[in-house]
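Undergrad: Counting from 564, one number per residue, gives the positions in the sequence shown under my numbering.
Shown below is the structure under consideration.
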Amino acid sequence: MFFTFRELAAVALTGADNYLLKLFKDESGKWVIRATILDGGKQPYQSYFVQTNRGKTKTWRYLEDVLIFVDEYSANCRNLTIEIEGRVWKMRAESETEE
Numbered sequence: 564m565f566f567t568f569r570e571l572a573a574v575a576l577t578g579a580d581n582y583l584l585k586l587f588k589d590e591s592g593k594w595v596i597r598a599t600i601l602d603g604g605k606q607p608y609q610s611y612f613v614q615t616n617r618g619k620t621k622t623w624r625y626l627e628d629v630l631i632f633v634d635e636y637s638a639n640c641r642n643l644t645i646e647i648e649g650r651v652w653k654m655r656a657e658s659e660t661e662e
């Protein structure tokens, strides 16, 4: 299954809590994103590749560009885990009521 980047941003607004974004290189050496929505027990619920509006899997030549994309389109995710070549980063959004 696939997400366009607009759909990814829309899903982030639905209130689902946990996302895993696995960033890896495809057979051509370009970066791709597999976005997985996790259930309450942090088990994979659904998994998607990010694709372009034309229906092709979105690729990036440079990791920096992928991270800019993730920052832009996943800003509303409450709990976000990013895996890059076996290394994992977990990020949690702070709500306005938490201080």
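Note that the Cβ used here is the ideal one computed from N, Cα and C, for glycine as well.
(1) Among 625, 592, 632, which residue has its Cα nearest to the Cα of residue 613?
(2) Note down the Cα distance separating residue 596 from residue 651, rounded to an integer number of angstroms.
(3) Can you tell me which of the three DSSP states residue 533 falls into?
(4) Assuming residue 582 contacts residue 599 (C-beta within less than 8 Å), just tell me the rounded distance between them.
(5) Going by DSSP, which residues form a beta bridge with residue 595?
(6) If the criterion is Cβ atoms closer than 8 Å, does the pair residue 594 and residue 585 meet it?
TA: Quick answer:
(1) Here residue 613 refers to the residue found at position 50 when the sequence shown is read from its first residue. Ranking the options by Cα distance to residue 613, first place goes to 632.
(2) Position 33 of the sequence shown, counted from the first residue, corresponds to residue 596. Position 88 of the sequence shown, counted from the first residue, corresponds to residue 651. Between residue 596 and residue 651, the C-alpha separation is close to 14 Å.
(3) Residue 533 lies beyond the range of the chain shown here (564 to 662); nothing can be said about it.
(4) One-based indexing of the sequence shown puts residue 582 at position 19. One-based indexing of the sequence shown puts residue 599 at position 36. About 7 Å; that satisfies the 8 Å criterion.
(5) Here residue 595 is taken as the residue at index 32 of the sequence shown, counted from 1. Note: residue 595 sits in a beta bridge opposite 587.
(6) As a first step, residue 594 is located in the sequence shown; it is residue number 31 there, counting from the start. As a first step, residue 585 is located in the sequence shown; it is residue number 22 there, counting from the start. Not a contact, by the Cβ cut-off of 8 Å.
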